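Everything in the sequence shown is counted per my numbering, starting at 12 for the first residue and increasing by one.
C-beta atoms are modelled at their ideal positions from N, C-alpha and C, and glycine is treated no differently.
This one's a predicted model, so the numbers in the text were calculated from it and none came from an experiment.
For reference, the structure discussed in these notes is given below.
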Amino acid sequence: MYQQLAKIARKFVKESTFLRIGFNMSPMYRRSTAKVIYISDDIKTVKIKIPLSYKNRNYVGSIFGGSLFASVDPIPMIQLMYILKEEFIVWDKSAEIRFKRPAREDMYATFEFSDEEIDEITSKVKERKEFEHPKVTQITNKTGDVVFCEVTKTIYIAEKDFYKEKKGKRV
12 MYQQLAKIAR
22 KFVKESTFLR
32 IGFNMSPMYR
42 RSTAKVIYIS
52 DDIKTVKIKI
62 PLSYKNRNYV
72 GSIFGGSLFA
82 SVDPIPMIQL
92 MYILKEEFIV
102 WDKSAEIRFK
112 RPAREDMYAT
122 FEFSDEEIDE
132 ITSKVKERKE
142 FEHPKVTQIT
152 NKTGDVVFCE
162 VTKTIYIAEK
172 DFYKEKKGKR
182 V
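In C-alpha cells form, the structure reads like this:
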C-alpha cells in the first residue's frame, strides 16, 4: 500500500517531502510519539524528534524504552531502500538497543548514510550477492552532547535475482 502511494506522490511532491509526511501520518510511527523533522532531498540524512510527553513517560518519569526503539526502528531500512532505489532487496535483519542513561527531556536522532558508506554497501553486495550492514544511531539531547541510548540495526541487502533464488530454495 505505501509503495503504491509513493509512486503516485512522486508525481506531485519530492520523495523527501512524501517520506516526512508519510512517516508523521503513519499510525504505526505516530504511536512511537516521534516526529520526522527533516529529510534531505537525497534521503541520506533524516532527523527525528522524540518529545517527552504523558504518552511515552514511564513509571520513573523517563521516556519509555519502547518509544525510543519504535522511533528508530523503521528509518534506516526505508532510508536505504530509497537511496538504493529498486536495484536491491533491503530488509531489517536484527536490532539492539543499549541504554546509557534515563531520558527526562526531548530527544533527537540523526540517521546518515555517507556516499562512501553507500559505495561500500553496493560494492560488497555486488561482490558477495548479499551483505549485512550494521548501522548505529545515537539518541541524544538537542545539542547532541548527551547520548541517552544507541540503537544498532543490522540491515540485510541482496541482489534481487540472488534473493529470489535463495528464497525459492527455502520453499
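Does DSSP classify residue i as helix, strand or coil?
i: K171; result: helix
i: R68; result: strand
i: P87; result: helix
i: V136; result: helix
i: S44; result: Per the sequence shown, residue 44 should be read as Thr rather than Ser. In this structure, T44 counts as coil in the three-state DSSP scheme.
i: K177; result: helix
i: I54; result: coil
i: D103; result: strand
i: E128; result: helix
i: R31; result: helix
i: F23; result: coil
i: A114; result: coil
With 16 as the cutoff for other CB atoms within 10 Å, does residue i come out buried or exposed?
i: K164; result: buried
i: D84; result: buried
i: M39; result: exposed
i: S105; result: exposed
i: Q15; result: exposed
i: V71; result: exposed
i: M118; result: buried
i: K146; result: buried
i: M88; result: buried
i: T151; result: buried
i: N69; result: exposed
i: S125; result: exposed
i: I86; result: buried
i: I100; result: buried
i: T148; result: buried
i: T28; result: exposed
Suppose contacts are defined by Cβ-Cβ distances below 7 angstroms. Is residue i in contact with residue j by that definition?
i: F34; j: V47; result: yes
i: I54; j: Y93; result: yes
i: S78; j: T44; result: yes
i: T9; j: E123; result: Nothing can be reported for residue 9, as the shown portion of the chain is limited to 12 through 182.
If residue i sits next to residue j, beta carbons under 8 angstroms apart, how far is it from one beta carbon to the other, in whole angstroms?
i: F110; j: K140; result: The pair is not a contact, with the Cβ atoms about 36 angstroms apart (cut-off 8 angstroms).
i: S73; j: R115; result: 5 angstroms
i: Y167; j: E128; result: Not really, about 16 angstroms apart at Cβ, beyond 8 angstroms.
i: V162; j: F80; result: 7 angstroms
### Any 3 or more C-beta pairs closer than 8 angstroms across the region 131-138 and the region 59-74
At 8 angstroms Cβ cutoff, the stretches do not touch.
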